[in-house]
Amino acid sequence: MAMKLTKGPVQLNGACQVPGDKSISHRAVMFGALAKGRTVARHFLFSADCLATIGAFEKLGVTISRDETSVTIEGVGFHGFKPAKQSLDMGNSGTSTRLLLGLLAKQPFPMRFIGDASLSQRPMGRVLAPLTQMGAQMTATAGHLPIEVASNTHLQAIDYQLPVASAQVKSALIFAALQADGPSTLTEKLATRDHTERMLRLFGGDIQQKGLALKIKPQTNLTGQTFTIPGDPSSAAFFIAAATLLPNSEVILLNVGLNQTRIGFLEVLGQMQSDIQVIQADSGFEPTGTLKIKSASLQAMHITADMIPSIIDELPLVALCATQAEGVTTISGAAELRVKETDRIATVTAELRKMGAHIEEKPDGMVITGPTPLHAVNAQLDSHGDHRIAMMLMVAALLSKDQFTLENADAVAVSYPKFYEDLLGLVN
Ligand code: S3P
Numbered sequence: 000m001a002m003k004l005t006k007g008p009v010q011l012n013g014a015c016q017v018p019g020d021k022s023i024s025h026r027a028v029m030f031g032a033l034a035k036g037r038t039v040a041r042h043f044l045f046s047a048d049c050l051a052t053i054g055a056f057e058k059l060g061v062t063i064s065r066d067e068t069s070v071t072i073e074g075v076g077f078h079g080f081k082p083a084k085q086s087l088d089m090g091n092s093g094t095s096t097r098l099l100l101g102l103l104a105k106q107p108f109p110m111r112f113i114g115d116a117s118l119s120q121r122p123m124g125r126v127l128a129p130l131t132q133m134g135a136q137m138t139a140t141a142g143h144l145p146i147e148v149a150s151n152t153h154l155q156a157i158d159y160q161l162p163v164a165s166a167q168v169k170s171a172l173i174f175a176a177l178q179a180d181g182p183s184t185l186t187e188k189l190a191t192r193d194h195t196e197r198m199l200r201l202f203g204g205d206i207q208q209k210g211l212a213l214k215i216k217p218q219t220n221l222t223g224q225t226f227t228i229p230g231d232p233s234s235a236a237f238f239i240a241a242a243t244l245l246p247n248s249e250v251i252l253l254n255v256g257l258n259q260t261r262i263g264f265l266e267v268l269g270q271m272q273s274d275i276q277v278i279q280a281d282s283g284f285e286p287t288g289t290l291k292i293k294s295a296s297l298q299a300m301h302i303t304a305d306m307i308p309s310i311i312d313e314l315p316l317v318a319l320c321a322t323q324a325e326g327v328t329t330i331s332g333a334a335e336l337r338v339k340e341t342d343r344i345a346t347v348t349a350e351l352r353k354m355g356a357h358i359e360e361k362p363d364g365m366v367i368t369g370p371t372p373l374h375a376v377n378a379q380l381d382s383h384g385d386h387r388i389a390m391m392l393m394v395a396a397l398l399s400k401d402q403f404t405l406e407n408a409d410a411v412a413v414s415y416p417k418f419y420e421d422l423l424g425l426v427n
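Residue numbers (numbering that gives the first Met the number 0): 0 to 427.
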């Protein structure tokens, strides 16, 4: 679907609550299904990715119901799944695929995982290698989907150093380790988002952390829970960037997840001289808070490998912010961007260049020189089917006096179906 984007200059004012966190919504359904008893997750994200997770469990015999904002899962326990009559369709969702491969690595029936064209290009060897080492029987097609999972009744414990900083790989292995024949140790290179660890504890499980090492003992006695999912900081980031970059803006964002492993974007913008305040903070199984964002003039900065995991999904927006910042911003150590929903180094560079941005592509990042007024070098933008690229380009268009159209604008359905509506609701 092609869409005409709203052009600038506009200012943003008002308050908004972004939808529930995508990573946490996936995990709510997963732990809800594995637990005994009922789980109710409020402020659940009903987006295409999370619906892929729900759809997979429904095919495995789990009863899941929903109302406007919450999802209810009748847990079946680790041994209560039924053989699926059809392939498990992961759609566009890397999180569903990788986490479910670990979660379902020990089931006494075979399964087939499939996905859309983008997901079928993404690397799965990173989960298949350690899961196979644990005894899972999985056959991929040159390291990609479709994947055949054979019936399996035994998983060995593992002591594993994760070669890539990936919460998806870590989480897949945590799910498998819960079902292994002894205690497992997983050691990360860099700390990645810890939603799986937090939710395991919420459901009554135990996981020990020492620095970057996690110790997981076998345990299959989880109990259903009722909880509220925080607003997704990765969705909030589009509003934060827009309010920062559009002059005379002031926006309040309610109930945003402020988990330390997810706030890299706030930290980077802080270093770039943004004006963002946490005006109220709450602690729960996940920390949350209310943010007040005012317009600011940004300064360039250097973003290095150690900062990447906490900002991985926000890097397209960092690039946009850098086009408006004074000086040369560098992003390095971010080669993982090349294996996201699109090659985000290539798509960000190509699309922002159509708007006149000065961006140089590097194998593991970008070099961006600002500030540059955005204008139509080529007014036909394209999300390439990538939700985060679509949303970043929508924000970019609000900064420009020119009229742009966006091809594949409907990609936002993957993580934020009402994004355009919510953002335009703040435009004055
Ligand atoms: C996610 C982890 C990240 C992130 C993705 C969601 C998760 O992927 O990019 O959007 O929910 O665990 P990687 O772990 O592969 O970096």
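For each residue, glycine too, the CB sits at the ideal point set by N, CA and C. Computed from a predicted structure; not experimentally measured.
Collapsing the DSSP output to three states places M393 in a helix.
When the Cα atoms are used, A356 and A318 turn out to be separated by approximately 10 angstroms. For H301, the three-state secondary structure derived from DSSP is strand.
Between the ligand S3P and the CB of I311, the shortest heavy atom gap is smaller than 7 angstroms.
The alpha carbon of A190 has as its nearest neighbour, out of G181, A135, Q224 and Q259, the alpha carbon of Q259.
With fewer than 16 other CB atoms across the displayed protein chains lying within 10 angstroms of its CB, K400 is exposed. Rounded to whole angstroms, Q272 and S294 show a C-alpha spacing of 10 angstroms. Here the distance from the Cβ of T186 to the nearest heavy atom of the ligand S3P is not below 7 angstroms.
G74 and L98 have their C-alpha atoms roughly 17 angstroms apart. I23 and H194 have their C-alpha atoms roughly 6 angstroms apart. Counted as a single uninterrupted DSSP element, the stretch harbouring Q120 is not any alpha helix (DSSP H), since DSSP gives it neither H nor E.
Relative to the non-hydrogen atoms of the ligand S3P, the Cβ of R337 never comes closer than 7 angstroms to any of them. Within the region 179–256, the runs of beta strand (DSSP E) at least 3 residues long that lie entirely inside it are, in chain order, 183–186, 206–209, 212–215, 225–227 and 249–256.
From the listed residues I72, P122 and L50, the smallest Cα separation to G90 is found for L50.
Following the DSSP letters along the chain, one finds F108 in no beta strand (DSSP E), marked with neither H nor E.
The alpha-carbon of P315 is positioned some 30 angstroms away from that of A128. Residue range F418 to L423 is occupied by the alpha helix (DSSP H) that includes D421. A distance criterion of 7 angstroms places the beta-carbon of R192 in contact range of the ligand S3P, judged by its closest non-hydrogen atom. In terms of Cβ geometry, A55 and F43 do not form a close pair [threshold 8 angstroms]. Residue side-chain check: A40 keeps its Cβ at 7 angstroms or more from all non-hydrogen atoms of the ligand S3P. Note that the C-beta distance between K3 and Q402 is below 8 angstroms. The straight-line gap separating the alpha-carbon atoms of R343 and M393 is approximately 16 angstroms. Around G101, the same chain offers V126, L130, S170, A171, L172, I173, F174 and A175 as residues with beta carbons nearer than 8 angstroms, after the five sequence neighbours per side are excluded. In the DSSP annotation of this structure, the continuous segment of the beta strand (DSSP E) that includes E73 starts and ends at V70 to V75. Short of 6 angstroms from the beta carbon of Q270, and not among the five residues preceding or following it, lie these beta carbons of its own chain, in chain order: M300.
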